[in-house]
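For reference, the structure is listed below as structure tokens.
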Amino acid sequence: MNDPQQPTLTPLPEWESEAMDILDGVDYDAELGLQMARDAIRVSNGELTDAEFHEKYHEDVLAEFGEDNRPTEPEGFDDG
Amino acid sequence: MTNYGLVIDQERCIGCQACAVSCKQENNVPMGQFWNRVLTEGGDKLDTPAGGYPEDGDDGTLDMHYQPTACQHCENAPCVKVCPVNATYTRDDGIVEIDYDKCIGCRYCMAACPYNARVFNWDEPEHVPEEGTGDVEARPQGVVEKCTFCSHRVDEGLDPACVVNCPADARIFGDLDEETSTVSKYVNNYETDRLLEDRGTDPKTYYIRGEMSPGRPQTSDKLESELDDDAMPGVPAAKSGGDD
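The listed protein sequences derive, respectively, from chains A and B.
For the first sequence, numbering that gives the first Met the number 0 begins at 0 and goes up steadily by one.
For the second sequence, numbering that gives the first Met the number 0 begins at 0 and goes up steadily by one.
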């Protein structure tokens, strides 16, 4: 049941290696994806706010994708 | 405001995979992929139970439970938060959906999904028959796809395919914000849990374990909200204490 194409319920300690497998060979920054995935869960848990999450990765997302259209952008956010 | 959710009564689920198959057919899901899976809790493999067969006149210990799993349509969906191009988004009715025209295939959403409910089209999708199945257009190579709660059916006032085709009436779909809906009554009146609640994702799929509910009450493929009261026999006002 370790096929990444199949939904599984992965215990948290094993999640990171599974996420790395998913991002292996991706055309974009895999490490950035891993960090953002980890912190997105922290946002869901309430350990990080949407605004903090958005600000933390805004520059990196812009650099990697040339745009940052995540819905986490706080009102009045200065992306300059 | 409408907030769609799903209740799955695991006491009713018989592990027949009808939900998985009907999902695949309805949504034109490519070969080798599933949006909706019935995982098993038991032995080492998908279709093997734990325990042993009866021997020498003793009772056996065979044991298997079914865990139907697909996108949980989370309220705090990490997949939505990480998508740099806003291809994954939450509709006003709570359904988490993907705009396949926007998806660039970065797979960040897959890494962020704690339920591993998303699949990626690594190759050109293959369909049998070649023209595909169901009422949903095929997705191209290089995009992520997943369960949509059959939003194309919901928009037409119909229940998701997995709900309509469950022979055990174990899947109940409806508006969690409508306190008189069956899903709301079941969530409030039965012992339910949600998957990986410690992640804080606030999933909108609830699982009944313990006492069996009366299951999906309506006899039509329409959404409950589209039915006349007369067409909804057996909708329990409160816990009924058993199967009907």
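Every residue gets a Cβ at the ideal spot worked out from N, C-alpha and C, and that includes glycine.
Computed from a predicted structure; not experimentally measured.
Where residue i falls: helix, strand or coil (DSSP)
i	result
Lys221(B)	strand
His151(B)	helix
Leu157(B)	strand
Asp41(A)	A quick correction: the sequence has Arg, not Asp, at residue 41(A). DSSP places Arg41(A) in helix when its eight states are reduced to three.
Glu144(B)	strand
Val182(B)	helix
Asp49(A)	helix
Val118(B)	strand
Pro67(B)	strand
Arg69(A)	coil
Leu38(B)	strand
Tyr52(B)	coil
Ile7(B)	strand
Gly173(B)	strand
Glu17(A)	helix
Val127(B)	coil
Glu96(B)	strand
Asp134(B)	coil
Tyr88(B)	strand
Gly240(B)	Because Gly240(B) carries a pLDDT of 42, less than 50, the predicted location of this residue cannot be relied on, and the following value inherits that uncertainty. Three-state result, Gly240(B): coil.
Asp59(A)	helix
Asp57(B)	coil
Contacts that residue i makes with chain B (C-beta to C-beta distance below 7 Å)
i	result
Ser43(A)	Asn75, Pro77, Arg198, Gly199 and Thr200
Ala18(A)	Ala110
Ala39(A)	Pro77, Lys80, Val81 and Ala111
Phe52(A)	Lys80
Listed by chain order, chain B residues near residue i by CB distance under 8 Å
i	result
Thr71(A)	Lys80
Glu66(A)	Pro83 and Val84
Alpha-carbon to alpha-carbon, residue j and residue i
i	j	result
Asp77(A)	His57(A)	10 Å
Val246(B)	Thr68(B)	Since the first and last residues shown for chain B are 0 and 243, residue 246(B) lies out of range.
Tyr206(B)	Asn68(A)	34 Å
Cys149(B)	Val25(A)	29 Å
Leu61(B)	Asp43(B)	13 Å
Tyr3(B)	Tyr185(B)	14 Å
Tyr114(B)	Gln34(A)	18 Å
Met30(B)	Ile21(A)	19 Å
Glu74(B)	Asp55(B)	52 Å
Asp49(A)	Thr200(B)	13 Å
Asp58(B)	Tyr52(B)	8 Å
Gly209(B)	Glu10(B)	7 Å
Arg215(B)	Gly173(B)	10 Å
Gly131(B)	Glu123(B)	13 Å
Val60(A)	Lys145(B)	24 Å
Gly93(B)	Asp176(B)	10 Å
Gly141(B)	Asp227(B)	44 Å
Thr1(B)	Gly75(A)	29 Å
Ala111(B)	Val95(B)	14 Å
Leu47(A)	Glu15(A)	19 Å
Glu72(A)	Ala49(B)	48 Å
Thr147(B)	Pro139(B)	17 Å
Ser180(B)	Asn188(B)	12 Å
Glu178(B)	Ala137(B)	36 Å
Glu54(A)	Asn35(B)	35 Å
Cys225(B)	Glu190(B)	Cys is not the amino acid found at residue 225(B); the sequence shown has Glu there. The straight-line gap from Cα to Cα measures roughly 27 Å.
Glu66(A)	Glu196(B)	32 Å
Closer than 7 Å at the beta carbon, the chain A residues around residue i
i	result
Cys105(B)	Val25, Tyr27 and Gly32
Rounded Cβ spacing between residue i and residue j (contact assumed at less than 8 Å)
i	j	result
Val79(B)	Pro70(A)	6 Å
Gln66(B)	Thr87(B)	At roughly 24 Å, the Cβ-Cβ gap does not stay under 8 Å, so Gln66(B) and Thr87(B) are not in contact.
Phe64(A)	Val84(B)	7 Å
Asp8(B)	Ser212(B)	5 Å
Ala36(A)	Tyr107(B)	6 Å
Ala39(A)	Val81(B)	5 Å
Val28(B)	Ile171(B)	Wrong, their Cβ atoms sit about 23 Å apart, outside the cutoff.
Asn26(B)	Val135(B)	5 Å
The ligand NAD heavy atom lying under 8 Å from the CB of residue i
i	result
Pro29(B)	Inclusion of the ligand NAD in the displayed structure is not the case, the ligand content being empty and no account of it being possible.
Residue i: contacting residues in chain E (beta-carbon distance under 9 Å)
i	result
Tyr185(B)	Of the protein chains in this structure, namely A and B, none is chain E.
Proximal chain A residues relative to residue i, where beta-carbon distance stays under 9 Å
i	result
Tyr88(B)	Pro70
Partner residues on chain B for residue i, Cβ-Cβ distance less than 9 Å
i	result
Ala62(A)	Chain B residues near Ala62(A): none, gap ~11 Å exceeds 9 Å.
Residues near residue i in its chain [Cβ-Cβ closer than 7 Å; skip 5 each side]
i	result
Phe33(B)	Ala19 and Lys23
Ser21(B)	Ala160, Cys161 and Asn164
Thr89(B)	Ala76, Val79 and Val95
Arg41(A)	Leu47
8 Å CB neighbourhood of residue i in its chain, flanking five on each side removed
i	result
Pro166(B)	Ile13, Cys15 and Ala17
Val127(B)	Met30
Gln71(B)	Tyr114, Ala116, Arg193, Leu194, Thr200, Pro202, Lys203 and Thr204
His151(B)	Asp134 and Val135
Own chain residues within Cβ distance below 6 Å of residue i, not counting five before or after
i	result
Asp98(B)	Ala86
Leu222(B)	Gly156 and Asp158
Met63(B)	Thr39, Gly41 and Pro48
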